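Written below as structure tokens is the structure these notes are about.
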Amino acid sequence: MAGSNGIEVEDLVREFKGGLRAVDGVSLRVCEGEIYGFLGPNGAGKSTTVLMLTTLLPITAGTATVAGFDVARQGPLVRSAIGAALQEAALDPYLTGTEHVRLQAALHGMPRKEGRRRGDELLERVGLVEAAGRKVGGYSGGMKRRLDLALALLHGPEVLFLDEPTTGLDPQSRQALWEEVSRLATDEGVTVFLTTQYLEEADALADRIGIIDDGKIVAEDTPEALKAQIGRPSVEAVPQDPAELESLGDVLGRFGSPVAASSGAVAVRLERGAGELAEVVRALDGAGVGVSSLRLDAPTLDDVFLEKTGRSLEGESEDAAEETPA
Amino acid sequence: MSRAVLLQVLYLSRRSVLRALRQPATVGPALVFPLLLLAVYASGLGPASGLEGFPGDSYLDFIFAFPLVQGAVFAAISAGTDLARDIESGFLSRLSLTPMRPVALLAGLLAGVVALGLFQGVFFLAVGLLAGVEVQAGLLGLPLLVLFTVLVGLGFGGIGAILALRTGSGEAVQGSFPLIFVSLFLSSLLFPRNLIENDWFRAVATVNPVSYMVEGIRSLIITGWDLQALALGFGATGLLVAAGLFGAAASLKTRMARS
Chain B
205 MAGSNGIEVE DLVREFKGGL RAVDGVSLRV CEGEIYGFLG PNGAGKSTTV LMLTTLLPIT
265 AGTATVAGFD VARQGPLVRS AIGAALQEAA LDPYLTGTEH VRLQAALHGM PRKEGRRRGD
325 ELLERVGLVE AAGRKVGGYS GGMKRRLDLA LALLHGPEVL FLDEPTTGLD PQSRQALWEE
385 VSRLATDEGV TVFLTTQYLE EADALADRIG IIDDGKIVAE DTPEALKAQI GRPSVEAVPQ
445 DPAELESLGD VLGRFGSPVA ASSGAVAVRL ERGAGELAEV VRALDGAGVG VSSLRLDAPT
505 LDDVFLEKTG RSLEGESEDA AEETPA
Chain V
25 MSRAVLLQVL YLSRRSVLRA LRQPATVGPA LVFPLLLLAV YASGLGPASG LEGFPGDSYL
85 DFIFAFPLVQ GAVFAAISAG TDLARDIESG FLSRLSLTPM RPVALLAGLL AGVVALGLFQ
145 GVFFLAVGLL AGVEVQAGLL GLPLLVLFTV LVGLGFGGIG AILALRTGSG EAVQGSFPLI
205 FVSLFLSSLL FPRNLIENDW FRAVATVNPV SYMVEGIRSL IITGWDLQAL ALGFGATGLL
265 VAAGLFGAAA SLKTRMARS
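Chains as they are written, first to last, in our numbering: chain B, 205 to 530; chain V, 25 to 283.
Following this line, the structure appears as structure tokens:
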């Protein structure tokens with residue numbers, strides 16, 4: 205069981221007009237206080253799943269409970285138990301940070317004094333005290349995301365939905381947001397459902413990861429377990445003499461199948477694991493192929509994604525980040 | 025209405041008014057353009073008041089309903105566009121994730137229209153009186169003129185909200201408003217119905233509820249207390265308000281299809 209403050213989803217389906225199934229039979233369980241990373245490329249069904257779980261989009265089929273409440277039949281109770289920061293911080297550019305907090309507190313029915321106290325506390329926690337009196341239209345992308353998070357937390361939700369919270373953020377803002385999300389789960393026991401297309405983010409934050417592709421979950425486990433499923437590391441070597449690249453490839457090819465490598469390098473996934481590395485070195489020596497560098501890489505989540513879907517997520521997330529305005 | 029909902033309405037109304045005040049590029053034209061057009065029409069069409077059968081003897085008095093109605097439409101465009109932007113930006117989704125009652129959102133939005141309409145009504149009336157408009161209904165007629173302006177704004181605000189909620193696009197809302205302006209000009213706004221010689225135009229103006237709103241306002245200025253004109257004016261305005269509110273509430277229910 206996911207526990208009263210967790211998430212339980214069974215065969216969730218969302219079909220749009222024209223028969224397009226954006227979410228096609230998703231089942232998952234998120235335990236209380238757990239950070240669940242929902243990883244997938246653009247259009248995989250991540251945001252549609254979040255919209256259904258937050259009651260903003262009707263479910264076509266299947267069942268879902270959030271914080272112990274049925275999403276389809278107990279919408280108001282679900283909404284009172286959750287906080288959400290959806291894609292693109294949806295803020296009013298003409299209101300100040302403080303005015304946003306006051307409005308959100310009033311809409312949640314919080315007593316005035318309590319709303320102000322909690323709002324001030326959260327603005328301080330996300331580092332927006334000085335900017336609180338300024339109109340949000342002048343905020344940077346990172347500041348908007350932090351205010352968005354503060355607003356989502358204002359009423360003390362048990363479950364927090366974060367839909368691609370760091371897309372378009374600079375590394376510093378991203379790190380700060382990761383720390384806050386980790387703290388919420390660890391110190392306050394908030395259950396976090398985090399969608400992301402950044403492998404690094406899922407790896408750093410999530411206790412467990414579900415990989416979604418074409419509306420279906422194709423893999424689900426802890427990051428370590430997922431990577432262990434791939435099991436075998438890869439070895440990448442750069443020849444001393446660039447003319448020996450082909451010979452290098454021939455030698456490495458005896459130890460595994462080729463994988464993507466840096467420019468001017470050759471890489472293979474070792475068939476029998478890291479123990480083969482010594483044999484690789486001996487084989488290179490025997491063939492008289494000198495290398496300027498030799499690197500053993502542990503499996504990454506992208507390897508997992510590639511294995512499960514036949515595609516790499518790395519390029520897609522970079523493209524998406526470039527397309528997203530800060 | 026519970027205290028919680030009243031509080032929601034209060035905060036959402038405050039937000040609408042703040043938004044309006046913080047967008048001078050929107051409020052400015054709503055105050056300036058109607059007065060500019062009033063000046064143009066009053067000076068260019070002034071001699072029309074000498075025509076036989078023309079109500080009153082001053083075209084300025086006759087045309088003074090124009091800024092009141094046009095200003096209200098401007099306020100409604102602004103409210104509709106703001107709501108559409110809320111949908112586009114996802115702000116409506118943010119609000120939908122709170123226990124906010126839809127009625128509070130609608131009331132908050134329209135409270136902004138009412139506030140702006142109230143300000144416009146008082147402002148236009150002050151400028152009109154300074155420019156020489158004579159209100160035959162006397163002092164008691166002045167608040168009634170402002171009330172008319174507010175109600176017309178509320179009615180058109182409801183139409184703006186319907187357009188915003190149906191399309192979810194600020195551009196679509198703004199693109200639809202020329203049609204509303206056409207409905208203003210196909211009424212007795214610029215010319216009395218009895219002097220419109222073109223049959224189809226007179227027929228359209230006669231069935232156009234805007235004519236009765238305008239004639240209700242105009243009666244207070246030119247005639248004094250014409251109960252029939254006032255009843256027809258308030259009746260037409262009331263119908264517009266009812267249709268706008270009902271349509272907006274239904275559209276909001278569809279848009280906020282939360283479980």
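Glycine included, each C-beta is placed from N, C-alpha and C at the ideal position.
This structure is a prediction, so every number in the text was calculated from the model and none was measured.
Item: Contact list for the region 107-133 of chain V against chain B, Cβ threshold 7 angstroms; Value: S113, G114, F115, S117, R118, L119, S120, L121, T122, P123 and M124
Item: Which residues DSSP lists as bridging D367(B), in chain order; Value: T399(B)
Item: is_contact[L84(V), chain B] using C-beta, thresh 9 angstroms; Value: no
Item: 9 angstroms Cβ cutoff, R39(V) in contact with chain B; Value: yes
Item: Per DSSP, the bridge partner or partners of F273(B); Value: V270(B)
Item: Presumed contact (8 angstroms Cβ cut-off) between V394(B) and L364(B), rounded CB distance; Value: 5 angstroms
Item: N- and C-terminal bounds of the alpha helix (DSSP H) containing P280(B); Value: G279 to A285
Item: Which residues DSSP lists as bridging P462(B), in chain order; Value: V472(B)
Item: A441(B) in three-state terms, based on DSSP; Value: strand
Item: Contacts of Y65(V) in chain B (Cβ-Cβ under 9 angstroms); Value: Neighbours of Y65(V) on chain B: none; closest Cβ ~34 angstroms, over 9 angstroms.
Item: Where the beta strand (DSSP E) through L243(B) begins and ends; Value: I239 to L243
Item: Beta-carbon neighbours of L31(V), restricted to chain B and to distances below 8 angstroms; Value: A310 and G313
Item: Residues near R39(V) by beta carbon distance below 7 angstroms, same chain, minus five either side; Value: G132
Item: T426(B), DSSP secondary structure in three states; Value: coil
Item: Rounded C-alpha distance that separates G279(B) from L261(B); Value: 11 angstroms
Item: Within-9 angstroms CB hit, L36(V) to chain B; Value: yes
Item: Chain V within 9 angstroms of P280(B), Cβ atoms only; Value: yes
Item: Of the residues S467(B), K512(B) and I434(B), the one placed nearest I415(B), counting alpha carbons only; Value: K512(B)
Item: Nearest neighbour of V213(B), chosen from D489(B), Y343(B), A502(B) and A276(B) [CA to CA]; Value: A276(B)
Item: T300(B), DSSP secondary structure in three states; Value: strand
Item: In DSSP terms, what A265(B) is bridged to; Value: V217(B)
Item: Local conformation of D391(B) per DSSP, three classes; Value: helix
Item: Contact check, S535(B) vs A469(B), beta carbons under 9 angstroms; Value: The structure shown does not extend to residue 535(B), since chain B is modelled only from 205 through 530, so no value can be given for it.
Item: I415(B) (DSSP reduced to helix, strand or coil); Value: strand
Item: Contact the region 305-323 of chain B vs the region 105-124 of chain V: 3+ CB pairs below 8 angstroms; Value: yes
Item: Beta carbon of A268(B) nearer than 9 angstroms to that of L355(B); Value: no
Item: Residue-level contact to chain B via CB, Q47(V), 9 angstroms cutoff; Value: yes
Item: Chain V contact for R515(B) (CB, 9 angstroms cutoff); Value: no
Item: Candidates E195(V), D250(V), F209(V) and L219(V): closest to N232(V) by CA position; Value: F209(V)
Item: Min CB distance A336(B) to chain V below 9 angstroms; Value: no
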